[in-house]
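Peer 1: Sharing a structure with you now.
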Amino acid sequence: MLLDGKTILITGGTGSFGKCFTRYVMEHYNPKKVIIYSRDEFKQWMMENEFKEYADKLRFFIGDVRDQERLRRAFEGVDYVIHAAALKQVPACEYNPNEAIKTNIHGAMNIIEAALDTNVKKVVALSTDKAVNPVNLYGGTKLVSDKLFIAANAYVGNKDINFSIVRYGNVAGSRGSIIPFFRKLIADGQTELPITDLRMTRFWISLEQGVQLVIKALEEAKGGETFISKIPSFKITDLAEAMLPGCGIKEIGIRPGEKLHEIMVTTEDSFTTYEYEKHFIVYPQMTWNNKQLPDMSGHKVAEGFSYSSDNNTEWLSVEQIRELLKTVKTV
12 MLLDGKTILI
22 TGGTGSFGKC
32 FTRYVMEHYN
42 PKKVIIYSRD
52 EFKQWMMENE
62 FKEYADKLRF
72 FIGDVRDQER
82 LRRAFEGVDY
92 VIHAAALKQV
102 PACEYNPNEA
112 IKTNIHGAMN
122 IIEAALDTNV
132 KKVVALSTDK
142 AVNPVNLYGG
152 TKLVSDKLFI
162 AANAYVGNKD
172 INFSIVRYGN
182 VAGSRGSIIP
192 FFRKLIADGQ
202 TELPITDLRM
212 TRFWISLEQG
222 VQLVIKALEE
232 AKGGETFISK
242 IPSFKITDLA
252 EAMLPGCGIK
262 EIGIRPGEKL
272 HEIMVTTEDS
282 FTTYEYEKHF
292 IVYPQMTWNN
302 KQLPDMSGHK
312 VAEGFSYSSD
322 NNTEWLSVEQ
332 IRELLKTVKT
342 V
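The working numbering numbers the first residue of the sequence shown as 12 and each following residue consecutively.
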């Protein structure tokens, strides 16, 4: 199987994605080693204790994606790199733009250089809906990061390596997202829930679905693709009703840098986007080798097509949301 006997490194590996990915890989494959690369030794210590049953295959490497030399050392002997490290909080990135650029853009450049200089075979970078038509600095830095990873395939030459991207929005229950926020308000006895805009919609994706999308990219990527899952949409007002039936709703106004809807595929992307049974792939507009041809098992979307949480064909009802909430852990 794909990951059996392989060494995998995850940047930002102590985060919610890194922990879910690590557990999924350990439970479904037989990797040689999983390396957690991150800056925070305390989070590494906590994760090491949480994953004691996998101690023989789990390694922890303190380092920053801003440090190219440290990345080169960490990448020695690594087969696959999953790049999850980023500064993600929108207000923090707006207030500290230089730091966001150093981590999200310069860090991406360092990942690419280190991977090209070692014998890494595949690099999959995590993107976000905020990189699509960005309205905040975080989204802007991730757009540049995406472009860098796509263009990295131009520098591969004869090396057996490719770079690809997976894109999804806020994960259900992730830190700082609306589900844990509502849960705290409800636990505190609130009977009214605040919503920034009553028209707001989002996609529903679980952490495990995000992990499975990364696995698909590892299995199928030839270089430069952006993988996007087909997932259902929901209205934020329906989420509020599912979490607190009959609740009052207070519209408080959209926050700076926030979007009404999550966009995954723009109309401009439609020229190079193909649809498959359970996902879309946006292929690069510029290609550098004959490996980057579309997988013809799917079909090209119509010109002008877009994939957004407000124009989706699959929607969750209040009852369906309520059932899904039973499986959502705050991470």
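Every residue, glycine too, gets a C-beta built ideally from N, C-alpha and C.
Quick one: what does DSSP say P102 is sitting in, helix, strand or coil?
Peer 2: The answer is helix: DSSP assigns P102 an H, G or I state.
Peer 1: Assuming contact is defined by CB atoms lying nearer than 8 Å, are N173 and A126 in contact in what I supplied?
Peer 2: Taking 8 Å as the Cβ cut-off, N173 and A126 do not qualify as a contacting pair.
Peer 1: Could you give the residue range of the alpha helix (DSSP H) that holds R173?
Peer 2: The question names Arg, but residue 173 in the sequence shown is Asn. N173 -> not in any alpha helix (DSSP H); beta strand (DSSP E) instead, spanning 173-179.
Peer 1: What's the gap between the Cα of K133 and the Cα of D157?
Peer 2: Spanning the two alpha carbons is a distance of roughly 15 Å.
Peer 1: If I follow the unbroken beta strand (DSSP E) through F71, where does it start and stop?
Peer 2: Looking at the DSSP string, the run of the beta strand (DSSP E) that includes F71 is 69-73.
Peer 1: With three or more C-beta pairs closer than 8 Å as the rule, is the region 210-223 touching the region 240-247?
Peer 2: At 8 Å Cβ cutoff, the stretches touch.
Peer 1: Could you tell me whether any non-hydrogen atom of the ligand HEM is closer than 7 Å to the CB of E269?
Peer 2: Ligands displayed in this structure: none; no statement on the ligand HEM is therefore possible.
Peer 1: Going by beta carbon distance, what residues of the same chain come within less than 6 Å of A165, once the five residues before and after it are set aside?
Peer 2: Hits under 6 Å: W299.
Peer 1: So, with DSSP's three-state summary, where would you put W215?
Peer 2: Coil, per DSSP.
Peer 1: Considering only the alpha carbon of each residue, which of V101, A119, G88 lies closest to T129?
Peer 2: Per the Cα distances, G88.
Peer 1: For M211, which residues in the same chain have their Cβ closer than 6 Å to its Cβ, ignoring the five residues on either side in sequence?
Peer 2: Closer than 6 Å at the Cβ level, and outside the excluded window around M211, lie I247, L271.
Peer 1: Could you give the residue range of the alpha helix (DSSP H) that holds G259?
Peer 2: G259 -> not in any alpha helix (DSSP H); beta strand (DSSP E) instead, spanning 259-262.
Peer 1: On the DSSP bridge assignment, give the partners of V92 in chain order.
Peer 2: DSSP, once it has assigned bridges, lists L20, V134 as partnering V92.
Peer 1: Classify R266: buried if its beta carbon has 16 or more other beta carbons within 10 angstroms, exposed otherwise.
Peer 2: Answer is exposed; the Cβ neighbour count stays below 16.
Peer 1: Between which two residues does the alpha helix (DSSP H) holding L196 run?
Peer 2: Unbroken alpha helix (DSSP H) run through L196: 189-198.
Peer 1: With DSSP collapsed to three states, give me the class of S320.
Peer 2: Note: S320 maps to coil in three-state DSSP.
Peer 1: Please state if the CB of K241 and the CB of H310 are separated by a distance shorter than 8 Å.
Peer 2: Their beta carbons are not under 8 Å apart, which means H310 does not touch K241 by this criterion.
Peer 1: Closest to I332 by CA distance: which of F192, S138, R84, A251 is it?
Peer 2: Answer by Cα proximity: A251.
Peer 1: Mind checking which residues open and close the beta strand (DSSP E) that includes M58?
Peer 2: It is not in any beta strand (DSSP E) - M58 instead sits in the alpha helix (DSSP H) that spans 52-61.
Peer 1: Please report how far the alpha carbon of A97 lies from the alpha carbon of D90, in whole angstroms.
Peer 2: Whole-angstrom Cα-Cα distance: 21 Å.
Peer 1: In this structure, does DSSP put S185 in helix, strand or coil?
Peer 2: Coil, per DSSP.
Peer 1: With F62 and V131 assumed to form a contact (beta carbons below 8 Å), what rounded beta-carbon distance in angstroms separates them?
Peer 2: Between V131 and F62 the Cβ distance is about 23 Å, and since that is not below 8 Å, they are no contact.
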